[in-house]
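This report refers to the structure that appears directly beneath it.
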Ligand code: SF4
Ligand code: SF4
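Put into structure tokens, the structure is as follows:
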């Protein structure tokens, strides 16, 4: 049966003249080598997006649709370049962009960076954590230190509280076999501290990695990533979609062309999705399962119950108590309401 969230997402997809979301690879380097990410295997050259390229992109988005969601995230860690990131966010805000967002692993989100980031005009900061205990964190977020990221995010939340304003801070939990038993404890811990908990499926990165996400082929929907989001590598190259992480399927460069024109060139692919002519899509789309990984659940304070169905589906009766490594009483959330959904998101 098709996941109800995917059914709802499918109803929102249609033709468009400009992407709803733009994912920008500010920095293609990374300090981690996460188990669920393509980055450790990435073959294309790594570098940093120059400011004139960001200015060109931001100016066009401001002109065409300033509500476009800008995400500083793709294959790399934006806080490897903290000063640039803050400068780019400030520039985006100065030209009127209304949705500026950051994805980070949080290891480098030290107090000296947190202050400028909170006051940069950023609307959402998503920190990928994926684990509650140190061993689980280390098994997923390879080369990362669990206590460092917990300390950094707690400080970020405290600083936002002192400012009494600032971005939404989301802690992300990608469901995987190795961490799913910690989802309840993770959610409870962070909700108590004022973060939003974002739970999402693991991506296959264009069919390169295995993912527990599963839908029958007959239930396939148009790919939410391809229909809503454009990606720009640090060097201006634009891949066909988020699954085309090496930029092998499409030739375009944002240095030389407007985003509007590049999006128009990608329209035939989007139309194949919309017409559900999936067999005519490129080979990568035949292997890739990311069309079924576009849904994310966002749980805010007072909504812990929204994780009930996810946990129950996985038969997860026991969790670790917050702040300890001892088994505690079963996590026992309230019923999950029908109709909870969220747009596709990284
Ligand atoms: S998920 Fe993010 S932090 Fe982890 S290796 Fe990939 S780019 Fe780096
Ligand atoms: S299903 Fe196709 S369009 Fe969607 S992310 Fe995968 S390769 Fe790209």
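In this note's numbering, the protein residues as written are 825 to 1170.
By construction, the Cβ of each residue, glycine as well, lies at the ideal position given by its N, Cα and C atoms.
Terminal residues of the alpha helix (DSSP H) in which residue i lies
{"i": "residue 1008", "result": "1007 to 1016"}
{"i": "residue 875", "result": "875 to 888"}
{"i": "residue 975", "result": "970 to 987"}
{"i": "residue 1052", "result": "1048 to 1052"}
{"i": "residue 914", "result": "906 to 918"}
{"i": "residue 963", "result": "958 to 964"}
{"i": "residue 1108", "result": "1107 to 1111"}
heavy atom of ligand 3 below 8 Å from residue i C-beta
{"i": "residue 861", "result": "Inclusion of ligand 3 in the displayed structure is not the case, the ligand content consisting of ligand 1 and ligand 2 alone."}
Residue i, DSSP secondary structure in three states
{"i": "residue 894", "result": "strand"}
{"i": "residue 1086", "result": "helix"}
{"i": "residue 1121", "result": "strand"}
{"i": "residue 1156", "result": "Only weak support exists for where residue 1156 lies, its pLDDT of 30 falling under 50; the coordinates are left without a value."}
{"i": "residue 1045", "result": "coil"}
{"i": "residue 1035", "result": "coil"}
{"i": "residue 847", "result": "strand"}
{"i": "residue 1131", "result": "helix"}
{"i": "residue 1147", "result": "Unreliable positioning characterises residue 1147 in this predicted model, as indicated by a pLDDT of 45, which lies under 50. A coordinate reading is not provided."}
{"i": "residue 1142", "result": "At residue 1142, the pLDDT of 35 sits below 50, so the modelled position is not reliable; the number obtained from the coordinates is stated separately. Residue state, collapsed to three classes: coil."}
{"i": "residue 867", "result": "coil"}
{"i": "residue 937", "result": "helix"}
{"i": "residue 832", "result": "helix"}
In DSSP terms, what residue i is bridged to
{"i": "residue 1020", "result": "994"}
{"i": "residue 826", "result": "BP columns for residue 826 are empty, so no partner."}
{"i": "residue 926", "result": "896 and 949"}
{"i": "residue 1061", "result": "1077"}
{"i": "residue 1056", "result": "848"}
{"i": "residue 1069", "result": "Residue 1069 pairs with nothing; no bridge assigned."}
Cβ-heavy atom distance, residue i to ligand 2, below 8 Å
{"i": "residue 1105", "result": "yes"}
{"i": "residue 1066", "result": "yes"}
{"i": "residue 1049", "result": "yes"}
{"i": "residue 841", "result": "no"}
{"i": "residue 969", "result": "no"}
{"i": "residue 916", "result": "no"}
Beta strand (DSSP E) segment containing residue i, residue limits
{"i": "residue 1094", "result": "It is not in any beta strand (DSSP E) - residue 1094 instead sits in the alpha helix (DSSP H) that spans 1091 to 1098."}
Proximity test, residue i beta-carbon vs ligand 1 heavy atom, cut-off 8 Å
{"i": "residue 901", "result": "yes"}
{"i": "residue 867", "result": "no"}
{"i": "residue 847", "result": "no"}
{"i": "residue 1109", "result": "no"}
{"i": "residue 939", "result": "no"}
{"i": "residue 909", "result": "no"}
Whole-angstrom C-beta distance between residue j and residue i, which should lie under 8 Å
{"i": "residue 854", "j": "residue 884", "result": "About 27 Å separates the two Cβ atoms, so there is no contact after all."}
{"i": "residue 886", "j": "residue 919", "result": "4 Å"}
{"i": "residue 921", "j": "residue 894", "result": "6 Å"}
{"i": "residue 899", "j": "residue 943", "result": "Not confirmed; about 28 Å, so no contact."}
{"i": "residue 906", "j": "residue 937", "result": "5 Å"}
{"i": "residue 1130", "j": "residue 1121", "result": "6 Å"}
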